[in-house]
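In our numbering, the protein residues as written are 298 to 434.
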């Protein structure tokens, strides 16, 4: 009875994970255990674990800005004009254009500048920011 219950829950979860992660047709097929349920291999468990780890936090609309809330869940309410955040790198504070989440630091120099309709970080420039990267798209 317990095996059926576990198998009945595991197969739909695996199908959902494959659909969400868009597992390619070239990936190795999962092995089937004695009870008929697929066995999880590293190729299938690692992407699922990273998707679960990334599920915490979301962007929330606050006025005309799009702020990261690490303690909230659900779909993003907005997308910031410029994706990225400031991260600590040793003693430096650098812009990570692929990062999500709260800023880990504030740089001592540099500013956001307009580049056409984009808002980009320039670490070697000075003066006030010309745009707000957190403005919602």
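Where a beta carbon is used, it is the ideal one built from N, C-alpha and C, also for glycine.
- Residue 399 is not bridged by DSSP to any residue.
- Looking at the backbone, the Cα of residue 358 and that of residue 431 are separated by about 10 angstroms.
- In the structure shown, the three-state DSSP call for residue 376 is coil.
- A residue is called buried once 16 or more other Cβ atoms fall within 10 Å of its Cβ, and residue 425, having fewer, is exposed.
- Boundaries of the beta strand (DSSP E) harbouring residue 411: 408–412, taken from the DSSP string.
- The beta carbon of residue 398 sits closer than 7 angstroms to the beta carbons of 354, 365, 367, 382 from its chain, once the five residues preceding and following it are set aside; these are given in chain order.
- The beta carbon of residue 423 is closer than 8 angstroms to those of 406, 407, 408 in its chain, skipping five residues each way along the sequence.
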